[in-house]
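Colleague:
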Amino acid sequence: MAFTEERARAVLARTGVPGAADARLLALGENAVFRAGDLVLKVGREAGLLARAEREVRVAAWLAEAGVPAVHPARPDAELTDGLPVTYWRPLPEPVRPATGADLADLLRRVHALPRPGTDVLPEGLPPRDLLDGVERWLRLAGDAIDPADAAFLRGRRDDIALAVRELTPQLAPGPVHGDALPRNVLVGPEGPVLTDLETFADDLREHDLVVMALSLDRYGLDPAEYEAFTSRYGWDVREWDGWSVLRGARETASCAWVAQHAPGNPAARAEFTRRVASLRADDPTVRWHAF
């Protein structure tokens, strides 16, 4: 069954949360996120993401204990409802201004200063940040909405880059990372910046968190001044590291495959997927990528 707003709302209705019938959709992507009364609920795309949802809740509790400003869970566990994972969160206040690269850098410095969480928090620890792990799932969800040759190209690129990633020598000490470090995952409330979307938290190269903004500069038209503010506040520009292009390639491959899952029934997603694959085939990093 396709993951749609209607499917997610059907799951929401089965949670028994007051106000579910009138819940407001906040986002629809890897998850459907709703505001229902005094709760925010995240509905995952498929049952296999239950473990990740459970880990996100535990990471949030760990960050709170460590004093890192982040979203707070309203319930201590994820639930499988009507076949999909659901997590419950406390709403954040309305933002007082848009988040900036400098806000993000401040939060990343705090995250990157953390030791690995103990087994009392996460018995299995944090996983590695395997950007390429979702490629197969996203291509599978795309089905015949994309050209099989494009899917084969991305699988081959994934395999080649996975080998190169294993050979990298980091500049920074590995440890906890956010995994999707962008200003959109920061909310600036009355008490300051708060980190959101914790589902990709991992234990890996800290450079993963820095490549995201570098890619935004090249592919998504990030203002160079915003990037400069980010690197200045963090204290280092990942582009000075000779391995950054490998992590960039991993993220580009994953981002392209991520769009593919939206291609069925979404002409804008199909067009954007075609643009991205063509730029990767041409090895042209100057082609701008767009939201859809």
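Here the sequence shown is numbered in the numbering used here, starting from 10 and rising by one per residue. Don't be surprised by glycine CBs; every beta carbon is placed ideally from N, CA and C. Being a predicted model, the structure only gives us computed values, none of them experimental.
Closest to Y229 by CA distance: which of R260, W298 and A287 is it?
Modeller: The residue with the shortest Cα to Cα distance from Y229 is W298.
Colleague: Only counting the same chain, and skipping five residues up and downstream in sequence, which positions put a Cβ closer than 8 Å to that of T205?
Modeller: Within the same chain, T205 has close Cβ partners A79, V80, L101, N194, V195 and L196.
Colleague: For the ligand HEM, I want to know if T90 counts as a neighbour, meaning its beta carbon is within less than 7 Å of at least one of the ligand's heavy atoms.
Modeller: This structure lacks the ligand HEM; in fact it carries no ligand of any kind.
Colleague: Indicate whether I155 and F301 have their beta-carbon atoms separated by less than 8 Å.
Modeller: Not in contact: I155 and F301 (Cβ atoms no closer than 8 Å).
Colleague: Under 8 Å between the Cβ atoms of V144 and A22?
Modeller: Result no, Cβ atoms of V144 and A22 do not sit closer than 8 Å.
Colleague: If you follow the alpha helix (DSSP H) that A280 is in, where does it begin and where does it stop?
Modeller: Per DSSP, A280 belongs to the alpha helix (DSSP H) from P276 to R290.
Colleague: Go through its chain and collect everything with a Cβ distance to V77's Cβ below 8 Å, but skip five positions before and after it.
Modeller: If we look at V77 and ignore the five residues flanking it on each side, its Cβ neighbours are L116, R119, V120, L123 and L204.
Colleague: What alpha helix (DSSP H) runs, 4 residues minimum, are completely inside the region 17 to 105?
Modeller: Whole alpha helix (DSSP H) segments, 4+ residues: 59 to 75.
Colleague: Quick one: give me the first and last residue of the alpha helix (DSSP H) that D112 is part of.
Modeller: Start and end: G110 to H121.
Colleague: Return the Cβ separation of D112 and P192 in integer angstroms, given the expectation that the two are a contact with Cβ distance under 8 Å.
Modeller: About 7 Å; that satisfies the 8 Å criterion.
Colleague: Looking at the structure shown, is P192 part of a helix, part of a strand, or coil, going by DSSP?
Modeller: If DSSP states are grouped into helix, strand and coil, P192 belongs with the helices.
Colleague: For L92, is the classification buried or exposed, using 16 other Cβ atoms within 10 angstroms of its Cβ as the cut-off for buried?
Modeller: According to the sequence provided, residue 92 is Gly. The question's Leu does not apply to it. Exposed, because fewer than 16 other Cβ atoms sit within 10 Å of the Cβ of G92.
Colleague: Buried or exposed: which applies to L72, given that a residue is buried once 16 or more other Cβ atoms fall within 10 Å of its Cβ?
Modeller: With 16 or more other Cβ atoms within 10 Å, it is buried.
Colleague: For L131, is the classification buried or exposed, using 16 other Cβ atoms within 10 angstroms of its Cβ as the cut-off for buried?
Modeller: The residue in question, L131, is buried, as its Cβ has 16 or more Cβ neighbours within 10 Å.
Colleague: Out of curiosity, what's the CA-to-CA distance linking A277 and L148?
Modeller: Near 17 Å, if we compare the C-alpha coordinates of L148 and A277.
Colleague: Determine contact between the region 24 to 40 and the region 172 to 181, defined as no fewer than three beta-carbon pairs at a distance below 8 Å.
Modeller: Flag = no, the region 24 to 40 and the region 172 to 181 do not touch.
Colleague: What three-state label does DSSP hand A263 in the structure shown?
Modeller: Three-state result, A263: helix.
Colleague: Count the other CB atoms within 10 Å of the CB of S241; is the residue buried (16 or more) or exposed (fewer)?
Modeller: Exposed is the call here.
Colleague: Using alpha carbons as the reference points, say which of A56, F210 and W250 lies closest to V220.
Modeller: With distances taken between Cα atoms, V220 lies closest to W250.
Colleague: Should R125 be labelled buried (16 or more other beta-carbon atoms within 10 Å of its own) or exposed?
Modeller: With fewer than 16 Cβ atoms within 10 Å of its Cβ, R125 is classed as exposed.
Colleague: May I ask you to report which of helix, strand or coil DSSP gives G258?
Modeller: Helix at G258.
Colleague: Tell me the start and end of each unbroken beta strand (DSSP E) in the region 160 to 194 that is at least 3 residues and wholly inside, in chain order.
Modeller: Fully enclosed beta strand (DSSP E) runs of 3 or longer: 184 to 186.
Colleague: Quick check on the burial criterion: 16 or more other C-beta atoms within 10 angstroms. Buried or exposed for T295?
Modeller: With fewer than 16 Cβ atoms within 10 Å of its Cβ, T295 is classed as exposed.
Colleague: With DSSP as the reference, identify every bridge partner of L204, one or two as the case may be.
Modeller: Looking at the DSSP assignment, L204 forms a beta bridge with A79 and V195.
Colleague: Please identify the residue among A62, D47 and L59 whose C-alpha is closest to the C-alpha of R99.
Modeller: Answer by Cα proximity: D47.
Colleague: Rounded to a whole number of angstroms, what is the C-alpha to C-alpha distance between R84 and T96?
Modeller: Each residue's Cα considered, the two are about 7 Å apart.
Colleague: What does a CB cutoff of less than 6 Å around H271 pick up in its chain, not counting 5 residues either side in sequence?
Modeller: Excluding sequence neighbours, H271 sits near A278.
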